[in-house]
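In the working numbering, the protein residues as written are -19 to 76.
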């Protein structure tokens, strides 16, 4: 069975995960299906992170641009801040 691949890009209010919040996530599957998840208010960030974690469960490989130094550390920090498990992201094979 072929690995399921997803391309991920995040939009944030800061370059630092401990100072900013996640406001949007763009996903594109290897099947060509695009999806944008967003938080219109900072109070919606935890829900956005939870949806993202659940959505990523169906993929094997994560593809990012500058993700190892920005997207993944930022998401990990925000997930942990909200008491959510970052393993949905950290366990993925990753192409950056």
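Cβ atoms here follow ideal geometry from the backbone N, Cα and C, with glycine treated the same way. Keep in mind it's a predicted model, so treat the numbers as computed, not measured.
Rounded to the nearest whole angstrom, the C-alpha separation of residue 58 and residue -7 is 12 Å. In the DSSP annotation of this structure, residue 24 is not part of any beta strand (DSSP E), being labelled neither H nor E. A direct Cα-Cα distance of roughly 16 Å separates residue -4 from residue 5. Apart from sequence neighbours up to five positions away, the residues of its chain that approach residue 25 with a beta-carbon distance below 6 Å are 1, 2, 19, ordered along the chain. According to the DSSP assignment, residue 8 belongs to the beta strand (DSSP E) that extends over 2 to 9. The alpha-carbon of residue 56 is positioned some 13 Å away from that of residue -1.
In the DSSP assignment, residue 57 falls within the alpha helix (DSSP H) that extends over 52 to 61.
Contact annotation: residue 65 and residue -10 have beta-carbon atoms that are not nearer than 8 Å.
In the structure shown, residue -3 adopts coil according to DSSP, grouped into three states.
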